[in-house]
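For the sequence shown, the working numbering puts the final residue at 208, and the numbers step up evenly by one. In what follows, a structure is listed as structure tokens, so that the remarks can point back to it.
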Amino acid sequence: MKGRGRLSSFFCTHIYESMIEKKTVSQIVDEWLEGKDYFLVEVTVSPDDRIVVEIDHAEGVWIEDCVELSRYIESKLNREEEDYELEVGSAGIGQPFKVLQQYVNHIGSEVEVLTKAGRKLTGMLKEAGEEKFVVGVEKKVKVEGSKRPKLMEEDETFRYDEIKYTKYLISFK
Numbered sequence: 036m037k038g039r040g041r042l043s044s045f046f047c048t049h050i051y052e053s054m055i056e057k058k059t060v061s062q063i064v065d066e067w068l069e070g071k072d073y074f075l076v077e078v079t080v081s082p083d084d085r086i087v088v089e090i091d092h093a094e095g096v097w098i099e100d101c102v103e104l105s106r107y108i109e110s111k112l113n114r115e116e117e118d119y120e121l122e123v124g125s126a127g128i129g130q131p132f133k134v135l136q137q138y139v140n141h142i143g144s145e146v147e148v149l150t151k152a153g154r155k156l157t158g159m160l161k162e163a164g165e166e167k168f169v170v171g172v173e174k175k176v177k178v179e180g181s182k183r184p185k186l187m188e189e190d191e192t193f194r195y196d197e198i199k200y201t202k203y204l205i206s207f208k
């Protein structure tokens, strides 16, 4: 474990001297990911060939793995033909989820959801499937025979196309 550091958000940057295809970079990353517990969150390639690769892992991202992936990508791209800037890093803590695997990894965690209708709520992420996810939200409910409303948890189901974002809530309790 010597020399291994855990990341919350980190990027290695290298600058080199044609437009690089996002698909090409994604295929290279997929090759590196084969047999590993990491998963691809996002690849972006700007018009000026700034490549950003975000990966994640259920237990966090190690800096050494970002460096290894960065070197792997560099070995597959031709520096003589393409001028590019490459950043490889972890999906940032507190950033909105971008792929289903992030939802799955955070089941049992406190999340914040903002719907496209503008409703913001927090609760426990309970389920995540291909088309929807479930969050347990505490609500004040009037219970028969009780003078005051009581806090009770109710499950709310959301389709991914109904929300602007979902993100992990960092708790300092």
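Using N, Cα and C, we set each Cβ at its ideal position, and we do this for glycine too.
Among the options, the one whose alpha carbon lies nearest that of residue i
i: alanine 126; options: Ser81, Val134, Gly171; result: Val134
i: valine 169; options: Trp97, Leu156, Val178; result: Leu156
i: alanine 152; options: Tyr200, Glu179, Ile205, Glu94; result: Tyr200
i: glutamine 137; options: Asp190, Arg154, Lys161; result: Lys161
i: leucine 112; options: Asp84, Glu69, Gly70, Ser181; result: Asp84
i: glycine 171; options: Trp97, Val102, Val178, Leu186; result: Leu186
i: isoleucine 98; options: Gly124, Ala163, Thr150, Glu179; result: Gly124
i: isoleucine 128; options: Asp91, Gly180, Ser181; result: Asp91
Neighbourhood of residue i by C-beta distance below 8 angstroms, restricted to the same chain and skipping five residues each side
i: isoleucine 86; result: Ile55, Val60, Val78, Thr79, Val80, Ile108, Tyr119, Glu120, Leu121, Glu122
i: glutamate 166; result: Arg194, Tyr195
i: lysine 202; result: Gly129, Gln130, Pro131, Phe132, Val146, Glu147
Residues bridged to residue i [DSSP beta-bridge criterion]
i: methionine 159; result: Glu145, Gly171
i: lysine 72; result: According to the sequence provided, residue 72 is aspartate. The question's lysine does not apply to it. In the DSSP output, where bridge partners are listed per residue, aspartate 72 has none listed.
i: isoleucine 90; result: Leu75, Ser125
i: tyrosine 203; result: Val146
Own chain, CB closer than 6 angstroms to residue i, minus 5 neighbours either side, in chain order
i: tryptophan 67; result: Leu104, Tyr107
i: aspartate 190; result: Val169, Gly171
Contact test: residue i Cβ vs the ligand FMN heavy atom, cutoff 8 angstroms
i: serine 81; result: As for the ligand FMN, it is missing from this structure, which has no ligand bound.
7 angstroms CB neighbourhood of residue i in its chain, flanking five on each side removed
i: valine 176; result: Pro184, Lys185, Met187
i: serine 53; result: Reliability fails at serine 53, whose pLDDT of 49 lies under 50, so the model's placement of it is uncertain and the value that follows must be treated cautiously. Excluding positions up to five away in sequence, the list reads Glu116, Glu117.
i: leucine 204; result: Glu145, Val146, Glu147, Thr157
i: threonine 192; result: Lys167, Val169
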